[in-house]
Amino acid sequence: MRKDRSKALFEKAKQFIPGGVNSPVRAFRAVGGDPLFIKRADGAFIYDEDDNAYIELINSWGPMILGHNHPMIREAIVRALENGTSFGAPTAREVEIAELIISMVPSVEKVRMVNSGTEATMSAIRVARGFTGRDKFIKMEGHYHGHGDSFLISAGSGAITMGNPDSPGVTVGTAKDTLLAPYNSLEAIESLVAANPNEIAAIILEPVPGNMGLVLPKPGYLEGLRKICDREGIVLIFDEVMTGFRLAKGGAQELFGVTPDMTTLGKIIGGGMPVGAYGGKKEIMDFVSPSGPVYQAGTLSGNPIAMAAGLAMLRHLDSHPEVFSQLNAIGDSLVTGFRSVLDELGLNFTINQLGSMYTLFFTDQEVYDFETAKKSDTALFGRYFQAMLSRGIYLAPSQYESLFLSTALTEDLVGKIVTAHGESIIEVMGR
Ligand SMILES: *Cc1c(COP(=O)(O)O)cnc(C)c1O
56 MRKDRSKALF EKAKQFIPGG VNSPVRAFRA VGGDPLFIKR ADGAFIYDED
106 DNAYIELINS WGPMILGHNH PMIREAIVRA LENGTSFGAP TAREVEIAEL
156 IISMVPSVEK VRMVNSGTEA TMSAIRVARG FTGRDKFIKM EGHYHGHGDS
206 FLISAGSGAI TMGNPDSPGV TVGTAKDTLL APYNSLEAIE SLVAANPNEI
256 AAIILEPVPG NMGLVLPKPG YLEGLRKICD REGIVLIFDE VMTGFRLAKG
306 GAQELFGVTP DMTTLGKIIG GGMPVGAYGG KKEIMDFVSP SGPVYQAGTL
356 SGNPIAMAAG LAMLRHLDSH PEVFSQLNAI GDSLVTGFRS VLDELGLNFT
406 INQLGSMYTL FFTDQEVYDF ETAKKSDTAL FGRYFQAMLS RGIYLAPSQY
456 ESLFLSTALT EDLVGKIVTA HGESIIEVMG R
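Numbered according to my numbering, the sequence shown spans residues 56 to 486.
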C-alpha cells in the first residue's frame, strides 16, 4: 500500500499547521505512523491521496450516519448554494430545523443553533449558571464536551492520548468550578452535592459516553441522576453530540426514557457541515439573549448551507425510523462476528456496544468508567489499528474512541471487516 502522497503532505503540513493537523487525534500519535490525507469519500468507503480505499468505521466521528456523499444531502446543499452562502439574518430553514429538532428530541422545547459541539456545551453551561445563579458544575471523568476551558479537566478523547488532560492555559480559577465524578457512581454525585450545598448549577455528562471508548450506563444510573437533580434544583444536561440522532431518533434520552433539562447536539445534526445546537426546557432557554440576560451569539450560526444539509439529514432520519433498526442490526452482526473470532482464539477482550456504536477494549476486565477503560493495553491497540488499516479498514486512531457505523455497510462489507479483524488479532497476538 503506497502512502507517498499522504507522507509528503504531512511533512509539508507540519511546517504550517501545529502538528500538521487541525484537530489533534487526526495525527495518529496514539497509534504511531503518519495520518492519511483524504481525497474523497463515498458510501462506505474513504479514499486517501494515494488512491487507497478503506472501509469506514469512523464516518467523520459520527456525522455520516448514512455513509459518505449521500445523494439526498448533496442535492440539498447544491440547491441551497444557488441562493447564496450566508446572510447573517434569520431564514425559514432555521425555523423548520428548530421545529423538527423539538419534535424529535424529548427534552428540547426551544433550541439555539451554533457551529460546533464545543460551542453548544460552553453555551449550555453558561445558561445553566445564569438560570440557577450558581457557579459550579459536575462533569464525569473521561467524558469529552469539546475544548471549552472548563471542560478540559479529565477530558476524554484526544485529551487522554495527548497526555495533557489538564491543558496548560486553563486557569486554576476556571478549574475550581468544575467538580469531577467517576461515571456510573451515584454515591460520588451524592457526596459532591453534600459537600457543595446550593452551589452546583449543572451536571453534564454523555449519557452513553463514547469519548473514553464506549461505556454503557448501569441500570438506574441515569434515573438516579435525574432524581438528584430534581431534588437539588440542578440542571441536568445530556451531551448528546455523539449519541443524538444515532442511538435513536431522540438519542439516548429516548432510548433510556430519561429526560434531561438541557441537551447539547452536534455531529449528525449538520449532515457533515459544522453545526451544533443546545436546547431544553422553555423556562431555561428563555434565559438566552435576546429573550433573556445570558449572552450567546454567532456570525455564522444557522448558516443556510449548513441548515440545508442538517435539515435533509434530520428529515430523512425522522421519516425513516427503520434506519435505526438497520444500524442496530449492522452493529449486532459486526460485534457478533468479532466476538466469535475472539472466542475461537480463547481471548476475552471486552467489547462494549450499543446499536451502531462500539469499542473493542484490549482488556479482559469489564469497562464501566474511566479507570476501568484505562486498563486497556494501548500499545496492543496501536498494533491492531495498523493491522486493520493495512487490510483496508479505517478505525478511529485511538483506543479511547467509539466507532460509528453507517447504513452504507452491507452484509458483505461486515463480513470483510470481521475477516480483517480475525487476521489482525492473530497477527498482533502472534497466534
Ligand atoms: C464531538 C463532541 C463534542 C465536541 O464537538 P465539536 O463539534 O468537535 O466541537 C462535544 N461533546 C461530545 C460528546 C462529542 O462527542
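We put the CB at the ideal spot given by N, CA and C, even for glycine. The model shown is predicted, which means the values in this text are computed figures rather than measured ones.
Beta-carbon spacing of residue i, residue j below 7 angstroms
| i | j | result |
| --- | --- | --- |
| I324 | G268 | no |
| N239 | Y423 | yes |
| V343 | R167 | yes |
| S158 | G335 | no |
| T319 | A307 | no |
| D443 | S395 | The identity of residue 443 in the sequence shown is Met, whereas the question assumes Asp. Contact: no. |
| E111 | Y449 | yes |
| A256 | A183 | yes |
| Y333 | S205 | no |
| F404 | F417 | yes |
| K322 | G139 | no |
| A131 | A363 | yes |
| S411 | G392 | no |
| A210 | S453 | no |
| M128 | A361 | Just to set this straight, residue 128 is Ile in the shown sequence, not Met. Their beta carbons are not under 7 angstroms apart, which means I128 does not touch A361 by this criterion. |
Cβ-heavy atom distance, residue i to ligand 1, below 6 angstroms
| i | result |
| --- | --- |
| M297 | yes |
| D432 | no |
| E111 | no |
| E261 | yes |
| S171 | yes |
| D59 | no |
| G327 | no |
| D294 | yes |
| G201 | yes |
| G335 | no |
| G312 | no |
| G357 | no |
| G321 | yes |
Whole-angstrom C-beta distance between residue j and residue i, which should lie under 8 angstroms
| i | j | result |
| --- | --- | --- |
| G331 | E174 | 5 angstroms |
| M496 | L260 | Past the edges of the chain, shown from 56 to 486, lies residue 496, and the structure says nothing about it. |
| F379 | N114 | Contact doesn't hold; Cβ gap of about 15 angstroms is too wide. |
| D190 | D232 | 5 angstroms |
Chain-order list of residues whose beta-carbon lies under 6 angstroms from that of residue i (same chain, five-residue window excluded)
| i | result |
| --- | --- |
| V248 | E287 |
| T474 | none |
| M217 | The predicted model places M217 with a pLDDT of 49, which falls under 50 and marks its position as unreliable; any figure quoted below should be read in that light. Once the five neighbours on either side are set aside, the close Cβ partners of M217 are P79. |
| N77 | none |
Cut-off 8 angstroms between Cβ atoms - residues of its own chain near residue i, not counting five sequence neighbours on either side
| i | result |
| --- | --- |
| N219 | Since pLDDT at N219 reaches only 46, below the 50 mark, its modelled position is unreliable, and the value read off the structure follows with that caveat. Same-chain partners within the cutoff: there are none. |
| P376 | K304 |
Close beta carbons around residue i, own chain, < 7 angstroms, minus the five adjacent residues each side
| i | result |
| --- | --- |
| A99 | I110, E111, G122, S461, A463, L464 and L468 |
Next on the checklist: If we require 4 or more residues per run, which alpha helix (DSSP H) segments fall completely within the segment 120-188?
Outcome noted: 126-136, 147-159 and 172-187
Item to check | Ranges of the beta strand (DSSP E) found wholly within the segment 325-401, counting only runs of at least 3 | outcome: 331-335
Checklist entry - Can you give, in chain order, each stretch of the beta strand (DSSP E) that sits fully within the segment 271-332 and has at least 3 residues? => result 290-294 and 317-320
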